[in-house]
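Structure first, commentary second.
Chains as they are written, first to last, in my numbering: chain A, 512 to 824; chain B, 512 to 824.
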């Protein structure tokens with residue numbers, strides 16, 4: 512099997528297409544940030560409690576012009592994502608105050624809040640803007656949940672265009688967090704192992720997944736998770752591809768692994784079910800024709816593409 | 512090129528060999544933790560300000576019996592790593608108080624503090640114990656730097672055998688952090704790109720590396736880092752293997768990538784030098800016979816094995 516993400520992620524894979532130039536070397540230059548913020552072609556993503564704001568009726572973009580923002584915003588309070596598109600437009604993220612008593616409330620009638628999964632699944636904005644929103648959401652959630660220094664408990668402040676928080680009290684620097692998660696299909700005798708969590712949509716089965724832990728390789732984490740959740744010992748592990756998954760701030764590391772036996776022992780705290788699927792069943796699920804109505808994961812998720820890779824291979 | 516970590520990490524790769532059964536489903540059971548703690552065969556790793564403590568003279572193991580610990584320790588203050596070895600010995604991590612006024616000071620004469628890199632490079636303890644120490648160090652550093660809730664600033668407390676911290680004030684739960692880092696060799700015309708940071712040992716060149724960012728795939732991060740640090744645009748990316756790197760708490764994701772040109776533009780804030788190496792030079796570096804005295808990275812680091820894989824391939 513050939514890895515599918517050597518040069519180009521599949522068009523349908525969600526959240527993986529942030530193509531902006533992050534201009535990382537300039538983030539710590541307040542003059543650069545201020546100038547980018549003031550540029551006439553600067554554009555703004557707006558999030559409210561981590562939910563993207565789109566115009567209503569939708570005009571097909573998540574990028575707002577400055578006139579749609581509340582007045583008196585300062586560049587030092589914004590997240591600078593980078594330069595986007597062929598023209599290199601500076602893109603900032605505006606995180607709105609919560610509650611109803613905020614200056615943006617008056618704008619609500621011309622806007623609509625839509626969760627990021629739905630935006631990706633329904634293709635409400637261009638593919639590369641889904642990537643921008645994914646980056647914006649991970650960063651804004653991180654700021655929202657990291658307003659205090661984990662080392663001393665004092666309030667910290669946003670710095671470096673939103674790519675750092677600084678504690679004035681103990682001088683600690685804090686950086687955005689990304690949690691690596693392994694997600695994998697185990698295979699045995701031309702069948703593939705999938706499971707379902709109680710929170711999944713009815714009938715949907717997907718690849719097993721779990722957070723990596725300190726002291727683990729990717730390969731060890733893949734084998735541990737399959738054993739913990741399905742009681743199956745696995746051998747070889749093959750990396751297939753990766754995807755940012757901003758719910759809230761994960762990196763999905765996709766793999767397949769060879770099961771050494773097919774007896775399943777399900778961890779009922781984690782999974783509602785886990786079972787082997789034949790090639791014919793997977794084919795039927797891709798066509799939404801499975802006799803029991805079972806469904807494959809949506810193409811925005813890497814699990815779909817892990818299954819496709821196994822099916823093709 | 513075949514991936515080198517499909518089933519087995521190279522014997523010499525450091526920190527990647529924690530083979531303990533983590534017994535993750537039992538971590539939230541205080542009775543289980545207390546029983547494991549009280550077991551006669553329980554063993555203890557000791558860290559002081561993140562530096563492992565070994566016996567002096569070294570007896571070839573980092574695992575201490577209970578008698579080497581201060582009295583009155585409680586299981587609720589310890590990190591439970593899992594069950595280790597063929598006998599399934601419970602292994603805990605004891606993090607000592609800092610400063611000289613602590614109950615362990617009397618034991619200092621029979622003990623020695625040695626940094627984890629040196630332990631791995633000199634093979635002072637068995638390979639699988641280096642893996643235990645790597646896990647222990649990442650967790651203890653995390654606890655030391657996360658004593659306060661990042662959401663509300665209150666003190667948090669250790670829970671679930673050290674695999675969680677809980678804030679009694681706002682009910683937030685915090686989990687150990689692992690930072691994904693890409694580390695890669697770029698190749699062009701049968702040469703390989705290596706660089707050196709000012710802090711490297713004299714003459715050593717290694718693979719370029721950098722922290723992954725929100726909204727990135729592994730493949731995108733590889734290409735961004737090579738471009739930022741060496742000004743080179745890259746195409747295909749191939750995953751080769753991974754390694755936990757507890758300095759302080761990273762996951763190294765090893766790759767190779769095809770450079771689209773060979774002109775280098777070095778970021779002097781990050782690198783002291785970067786250059787292309789021929790196959791003959793790499794061969795000489797592995798034998799420590801490079802005419803200018805240049806050196807390859809040590810085999811405990813994944814960078815060494817990325818180079819070996821390229822050299823073999």
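Just so it is clear, CB atoms sit at the ideal spot from N, CA and C, and this is done for glycine as well.
Delimiting residues of the beta strand (DSSP E) encompassing residue i
i             : result
residue 755/B : 745-756
residue 670/A : 667-670
residue 568/B : Note, residue 568/B: premise wrong, no beta strand (DSSP E); not H, not E.
residue 606/A : 600-607
residue 768/B : 761-770
residue 559/B : 554-559
residue 706/A : 702-707
residue 722/A : 719-722
residue 697/B : 690-699
residue 622/B : 622-624
9 Å Cβ cut-off: residues of chain C touching residue i
i             : result
residue 695/B : No chain C is present in this structure, whose protein chains are A and B.
Beta-carbon proximity check, residue i vs residue j, cutoff 9 Å
i             : j             : result
residue 704/A : residue 737/A : yes
residue 793/A : residue 784/A : no
residue 782/B : residue 706/B : yes
residue 589/A : residue 548/A : yes
residue 526/B : residue 644/B : yes
residue 642/A : residue 528/A : yes
residue 786/A : residue 716/A : yes
residue 625/B : residue 719/B : no
residue 754/A : residue 524/A : yes
residue 809/A : residue 632/A : yes
residue 702/B : residue 790/B : yes
Beta-carbon contacts of residue i that lie in its chain and below 6 Å, excluding the five residues immediately before and after
i             : result
residue 747/B : 769
residue 554/B : 574, 600, 602
residue 545/B : 586
residue 773/B : 699
residue 538/B : 671, 672, 674
residue 819/B : none
residue 683/B : 660, 662
residue 692/A : 720, 722, 761, 763
residue 714/B : 804, 805, 806
residue 513/A : With a pLDDT of 42 at residue 513/A, under the threshold of 50, the modelled position of this residue cannot be trusted; read the value that follows with caution. Around residue 513/A: no qualifying Cβ.
For residue i, the first and last residue of its enclosing alpha helix (DSSP H)
i             : result
residue 595/A : Where residue 595/A is concerned, there is no enclosing alpha helix (DSSP H), although the beta strand (DSSP E) it sits in stretches over 590-595.
residue 678/A : No alpha helix (DSSP H) contains residue 678/A, which is instead part of the beta strand (DSSP E) from 675-678.
residue 632/A : 627-633
residue 790/B : 790-797
residue 733/B : 729-741
residue 641/A : 638-656
residue 815/B : 813-823
residue 546/B : 541-549
Close-in-space but distant-in-sequence residues of the same chain around residue i (CB under 7 Å, 5 per side omitted)
i             : result
residue 670/B : 676, 677
residue 797/A : 807
Own chain, CB closer than 8 Å to residue i, minus 5 neighbours either side, in chain order
i             : result
residue 665/B : 659, 678, 679, 680, 681
residue 617/B : Residue confidence is low: residue 617/B scores 49 on pLDDT, short of 50, so the model does not pin down where it sits. No coordinate-derived value is stated.
residue 652/B : 561, 757, 759, 760
residue 584/B : 605
residue 598/B : 552
residue 629/B : 635
Closer than 8 Å: residue i CB and nearest the ligand ZN heavy atom
i             : result
residue 566/B : With respect to the ligand ZN, the structure shown offers nothing to examine, as it has no ligands at all.
*Determine contact between the region 648-665 of chain A and the region 557-564 of chain A, defined as no fewer than three beta-carbon pairs at a distance below 8 Å.*
yes
*asked:* Check whether the region 692-702 of chain A and the region 717-725 of chain B touch, using three or more Cβ-Cβ pairs below 8 Å as the test.
replied: no
*Are the region 760-768 of chain A and the region 733-741 of chain A touching, with three or more C-beta to C-beta distances below 8 Å?*
yes
*Residues of the region 733-762 of chain A whose Cβ lies closer than 8 Å to any Cβ of chain B, in chain order*: 735, 739, 746, 747, 748, 749, 750, 752, 753, 754, 755, 757, 760, 762
*Is the region 797-807 of chain A touching the region 591-607 of chain B, taking contact as three or more C-beta pairs under 8 Å?*
no
*In chain order, what residues of the region 587-607 of chain A put their CB closer than 7 Å to some CB of chain B?*
none
*Going along the chain, which residues of the region 762-796 of chain B sit with their C-beta nearer than 8 Å to a C-beta in chain A?*
762, 764, 778, 780
*Tell me, please, whether the region 585-593 of chain B touches the region 533-549 of chain B by the rule of three or more beta-carbon pairs shorter than 8 Å.*
yes
*Interface positions of the region 653-667 of chain A facing chain B (Cβ-Cβ less than 9 Å), listed along the chain*: 653, 655, 656, 657, 658, 659, 660, 661, 662, 663, 664, 665, 666, 667
*Name, going along the chain, the residues of the region 672-684 of chain A whose beta-carbon falls closer than 7 Å to a beta-carbon of chain B.*
none
*Taking a Cβ distance cut-off of 8 Å, strictly less, list which residues of the region 693-724 of chain A are near chain B, in chain order.*
722, 723, 724
*Going along the chain, which residues of the region 633-653 of chain B sit with their C-beta nearer than 7 Å to a C-beta in chain A?*
642, 645, 646, 649, 650
_Where the region 523-536 of chain B meets chain A: residues whose CB sits under 8 Å from a CB there_ = 526, 527, 529, 533, 535, 536
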